[in-house]
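Everything below concerns the one structure shown next.
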Amino acid sequence: ATANIGVIGLAAMGSNLARNLAHHGNTVALYNRHYDRTEKLMAEHGSEGKFVPSKTVEEFVASLSKPRTAIIMVKAGAPTDAVINELADAMEPGDIIVDGGNSYFMDTIRREKDIRARGFHYVGCGVSGGEEGALNGPSMMPGGTEESWQTLGPILKSIAAVAEGEPCVTHIGENGAGHFVKMVHNGIEYADMQLIAESYDLMRRGLGLDPGEIADVFGQWNTTELNSYLIEITAEVLHQTDAKTGKPLVDLIVDHAGMKGTGTWTVQTALSLAIPVTGIAEAVFARGLSSQAEQREEAAKQQLTGPSGSLDIPADEREAFIEDIRHALYASKIVAYAQGFDEINAGAKEYDWKIDLAAVARIWRGGCIIRAQFLNVVSDAFESGEANVSLLFAPYFKTAIEEAQESWRRVVARAATYGIPVPAFSSSLSYYDGLRSKRLPAALIQGQRDFFGAHTYGRVDASGAFHTLWAEDGRPEIEA
Ligand code: 6PG
Numbered sequence: 004a005t006a007n008i009g010v011i012g013l014a015a016m017g018s019n020l021a022r023n024l025a026h027h028g029n030t031v032a033l034y035n036r037h038y039d040r041t042e043k044l045m046a047e048h049g050s051e052g053k054f055v056p057s058k059t060v061e062e063f064v065a066s067l068s069k070p071r072t073a074i075i076m077v078k079a080g081a082p083t084d085a086v087i088n089e090l091a092d093a094m095e096p097g098d099i100i101v102d103g104g105n106s107y108f109m110d111t112i113r114r115e116k117d118i119r120a121r122g123f124h125y126v127g128c129g130v131s132g133g134e135e136g137a138l139n140g141p142s143m144m145p146g147g148t149e150e151s152w153q154t155l156g157p158i159l160k161s162i163a164a165v166a167e168g169e170p171c172v173t174h175i176g177e178n179g180a181g182h183f184v185k186m187v188h189n190g191i192e193y194a195d196m197q198l199i200a201e202s203y204d205l206m207r208r209g210l211g212l213d214p215g216e217i218a219d220v221f222g223q224w225n226t227t228e229l230n231s232y233l234i235e236i237t238a239e240v241l242h243q244t245d246a247k248t249g250k251p252l253v254d255l256i257v258d259h260a261g262m263k264g265t266g267t268w269t270v271q272t273a274l275s276l277a278i279p280v281t282g283i284a285e286a287v288f289a290r291g292l293s294s295q296a297e298q299r300e301e302a303a304k305q306q307l308t309g310p311s312g313s314l315d316i317p318a319d320e321r322e323a324f325i326e327d328i329r330h331a332l333y334a335s336k337i338v339a340y341a342q343g344f345d346e347i348n349a350g351a352k353e354y355d356w357k358i359d360l361a362a363v364a365r366i367w368r369g370g371c372i373i374r375a376q377f378l379n380v381v382s383d384a385f386e387s388g389e390a391n392v393s394l395l396f397a398p399y400f401k402t403a404i405e406e407a408q409e410s411w412r413r414v415v416a417r418a419a420t421y422g423i424p425v426p427a428f429s430s431s432l433s434y435y436d437g438l439r440s441k442r443l444p445a446a447l448i449q450g451q452r453d454f455f456g457a458h459t460y461g462r463v464d465a466s467g468a469f470h471t472l473w474a475e476d477g478r479p480e481i482e483a
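Counting with the UniProt record's numbering, you get residues 4 to 483 for the letters of the sequence shown.
And the structure:
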């Protein structure tokens with residue numbers, strides 16, 4: 004037994020993670036259901052470090068030194084359960100099973116409980132950064148016991164991305180905490196992407212810019228507080244021309260956005276925790292709408308009426324409007340992150356995890372898909388306690404929104420008037436306005452509920468629950 008870590012599942016993410024581990028001095032046990040994948044990895048990259056390939060799970064387990072630590076990199080769901088069982092049958096109490104896939108956190112809670120009962124440590128570990136991140140340094144969000152972190156921590160630190168001199172990995176909390184945080188990371192990723200897409204649409208359809216010009220705008224934005232991986236790759240995607248036709252590639256891509264489910268989980272979970280993650284939800288719904296092929300075709304056939312989408316901005320005001328879009332994007336992004344962190348906070352309360360939000364923001368500064376300059380200030384805001392209630396109240400972000408908000412309103416109003424959908428921009432703005440409203444129309448809703456269902460309401464001038472006989476004398480009565 005010579006390997007200090009093993010990887011099971013050698014598709015793109017698994018092989019890259021295994022190589023990354025080997026590049027950093029680990030001896031890596033390898034196993035894949037079909038041995039040809041293992042052979043391929045050995046043939047192409049076997050010389051990059053120390054690997055111990057195995058043909059069976061038993062051989063794989065035997066090649067690991069104790070406590071045996073194995074990272075599973077297979078599809079979330081049933082395939083993960085199958086591999087966990089195979090591993091547990093071959094391992095011994097005290098060994099550590101790590102699930103590095105995008106598993107649903109409730110599955111992780113369940114598996115951790117089962118596996119712990121059998122004497123093993125189980126770590127659900129969010130891994131972000133795609134294939135490239137897996138190879139060159141991902142951001143990692145491990146859950147599980149403190150004891151497993153003692154063994155696993157140094158190994159994960161050795162392969163993580165580094166931001167401001169710190170490895171982008173931290174022990175998130177017990178059982179499902181790591182996968183919960185990864186899930187919210189993905190929800191925020193959806194929101195970030197949707198906000199960028201809305202900005203693109205406003206410039207493309209609204210201002211009539213071509214993809215190359217818009218790529219340059221994103222390139223320039225990447226030198227501002229928006230500096231981030233997603234803005235950077237957006238510029239690259241928009242610069243890409245199709246080899247066959249010479250056209251901008253983006254124009255040839257079918258406009259139906261796919262999704263594998265993590266964004267949906269983020270919203271479902273937020274709903275069950277009663278946390279309004281409106282920016283993330285709109286991003287998920289916008290992908291859904293884009294993929295409703297039949298309804299969109301019918302809408303085109305029926306020529307649903309409305310403005311054309313041209314924003315009718317005079318040429319000499321274009322630049323100022325592009326600046327407005329940038330501000331709108333930034334303000335909406337702050338709202339989406341505030342909502343995402345609210346969800347993590349609520350999850351931590353519900354599931355009894357101690358999650359350090361500042362540490363979460365810090366490990367998102369590098370390696371992951373949402374990595375961004377602005378996460379430095381986010382982590383500072385949590386560290387100092389300024390963001391205890393919401394990120395929106397930390398002075399830095401309060402000021403940022405103050406400065407952005409006129410632009411934000413102009414963009415949303417103009418988009419609505421001229422017919423460009425901006426669901427994430429506008430829902431974030433509505434959230435912000437809702438939050439700062441001293442009085443909301445919820446009072447009326449309470450009245451309606453009491454009218455038809457005797458659901459009772461509270462009064463601003465007295466404590467207790469009240470019910471009105473609405474159809475009769477209108478005088479409130481105190482409910483028993
Ligand atoms: C990451 C990504 C990664 C993956 C998502 C995308 O953090 O590296 O989030 O996990 O790309 O599965 O999900 P969709 O297919 O749902 O867009």
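Backbone N, C-alpha and C fix where the C-beta goes; we use that ideal spot for every residue, glycine too.
How many Å lie between S57 and Y34 at the Cα?
Against the sequence shown, residue 57 aligns to sequence position 54. Against the sequence shown, residue 34 aligns to sequence position 31. C-alpha of S57 to C-alpha of Y34: approximately 5 Å in a straight line.
To the nearest angstrom, report how far apart L67 and A331 are at their CA atoms.
Position 64 of the sequence shown holds residue 67. Position 328 of the sequence shown holds residue 331. Approximately 52 Å, taken between the alpha carbons.
Closer than 8 Å: is that where the CB of C371 sits relative to any heavy atom of the ligand 6PG?
What you label residue 371 is simply residue 368 of the sequence shown in a count that begins at 1. Yes - the ligand 6PG has a heavy atom lying nearer than 8 Å to the Cβ of C371.
Could you check whether W411 and D327 sit closer than 9 Å to each other, using their CB atoms as the reference points?
Stepping through the sequence shown from its first residue, residue 327 is reached at position 324. Stepping through the sequence shown from its first residue, residue 411 is reached at position 408. Result yes, Cβ atoms of D327 and W411 sit closer than 9 Å.
Return the Cβ separation of L241 and A218 in integer angstroms, given the expectation that the two are a contact with Cβ distance under 8 Å.
Residue mapping note: residue 241 aligns to position 238 of the sequence shown, counting from 1. Residue mapping note: residue 218 aligns to position 215 of the sequence shown, counting from 1. At roughly 4 Å, the Cβ-Cβ gap stays under 8 Å, so L241 and A218 are in contact.
If we call anything under 9 Å between Cβ atoms a contact, is I347 one with L360?
The sequence position of residue 347 within the sequence shown is 344, counting from 1. The sequence position of residue 360 within the sequence shown is 357, counting from 1. In this structure, L360 lies closer than 9 Å to I347 by Cβ.
By DSSP's criteria, V126 is part of a beta bridge. Which residues make up the other side?
Within the sequence shown, residue 126 is the residue found at index 123, counting from 1. Answer by DSSP bridge pairing, in chain order: V101.
Is the separation between the beta-carbon of S161 and that of I99 shorter than 9 Å?
Here the question's residue 161 lines up with position 158 in the sequence shown. Here the question's residue 99 lines up with position 96 in the sequence shown. No.
Going along the chain, which residues of its own chain have a beta-carbon closer than 7 Å to the beta-carbon of L460, five neighbours each way excluded?
Locating residue 460 in the sequence shown gives position 457, where the first residue counts as 1. For clarity, residue 460 is Tyr in the given sequence; the question names Leu instead. Q449, G450, D453, F469.
What would DSSP say about R462, mapped onto helix, strand or coil?
On the sequence shown, position 459 is the one that residue 462 refers to. It is a strand residue.
Per the DSSP calculation, E480 is bridged to which residue(s)?
Position 477 of the sequence shown, counting from 1, holds the residue named residue 480. For E480, which the question treats as bridged, DSSP gives the partners H470.
According to DSSP, is K336 helix, strand or coil?
Position 333 of the sequence shown, counted from the start, is the residue given in the question as residue 336. Secondary structure at K336: helix, using DSSP grouped into helix, strand and coil.
Based on Cα-Cα distance, which residue from V425, L472, N19, P279 lies nearest to L205?
Here the question's residue 205 lines up with position 202 in the sequence shown. The option with the nearest alpha carbon to L205 is V425.
Applying the criterion that 16 or more other CB atoms from any shown protein chain within 10 Å of the CB defines a buried residue, is G209 buried or exposed?
Here residue 209 is taken as the residue at index 206 of the sequence shown, counted from 1. Its Cβ being crowded by 16 or more others within 10 Å, G209 is buried.
Under DSSP, the alpha helix (DSSP H) around T41 begins and ends at which residues?
As a working note, residue 41 is residue 38 in the sequence shown. Looking at the DSSP string, the run of the alpha helix (DSSP H) that includes T41 is 38-48.
In the DSSP assignment, what are the bridge partners of V415?
Taking the first residue of the sequence shown as 1, we reach residue 415 at position 412. V415 pairs with nothing; no bridge assigned.
Pick from E177, N178, I158: whose alpha carbon is nearest that of C171?
Taking the sequence shown and counting its residues from 1, one reaches residue 171 at position 168. If we check each option's Cα against that of C171, I158 comes out closest.
Tell me, please, whether the region 377-392 touches the region 319-326 by the rule of three or more beta-carbon pairs shorter than 8 Å.
No, because fewer than three Cβ pairs between the region 377-392 and the region 319-326 fall closer than 8 Å, the two stretches do not touch.
For A65 and A4, I'd like the C-alpha separation in whole angstroms.
By 1-based counting over the sequence shown, the position of residue 65 is 62. By 1-based counting over the sequence shown, the position of residue 4 is 1. Each residue's Cα considered, the two are about 6 Å apart.
In its own chain, which residues sit with a C-beta less than 6 Å from the C-beta of T269, not counting the 5 before and 5 after it?
The residue given as residue 269 occupies position 266 in the sequence shown. Within the same chain, T269 has close Cβ partners M186, V187, G190, I283.
Quick one: what does DSSP say P96 is sitting in, helix, strand or coil?
Numbered from its first residue, the sequence shown carries residue 96 at position 93. In the structure shown, P96 sits in coil (DSSP, three-state: anything other than H, G, I, E or B).
Just to check my reading of the structure: D139 and N230 have Cβ atoms closer than 8 Å, yes? What is that Cβ distance to the nearest angstrom?
As a working mapping, residue 139 is identified with position 136 in the sequence shown. As a working mapping, residue 230 is identified with position 227 in the sequence shown. Correcting the residue type first, residue 139 is Asn in the shown sequence and not Asp. Between N230 and N139 the Cβ distance is about 19 Å, and since that is not below 8 Å, they are no contact.
Is the CB of A341 under 9 Å away from at least one CB in chain C?
Looking at the structure shown, chain C is missing, and only one protein chain is on hand.
Kindly provide the ranges of any alpha helix (DSSP H) runs that are 4 or more residues long and lie completely inside the region 381-464, ordered along the chain.
398-421, 426-439, 445-456
Tell me whether Y34 sits in a helix, a strand or coil according to DSSP, three-state version.
Locating residue 34 in the sequence shown gives position 31, where the first residue counts as 1. If DSSP states are grouped into helix, strand and coil, Y34 belongs with the strands.
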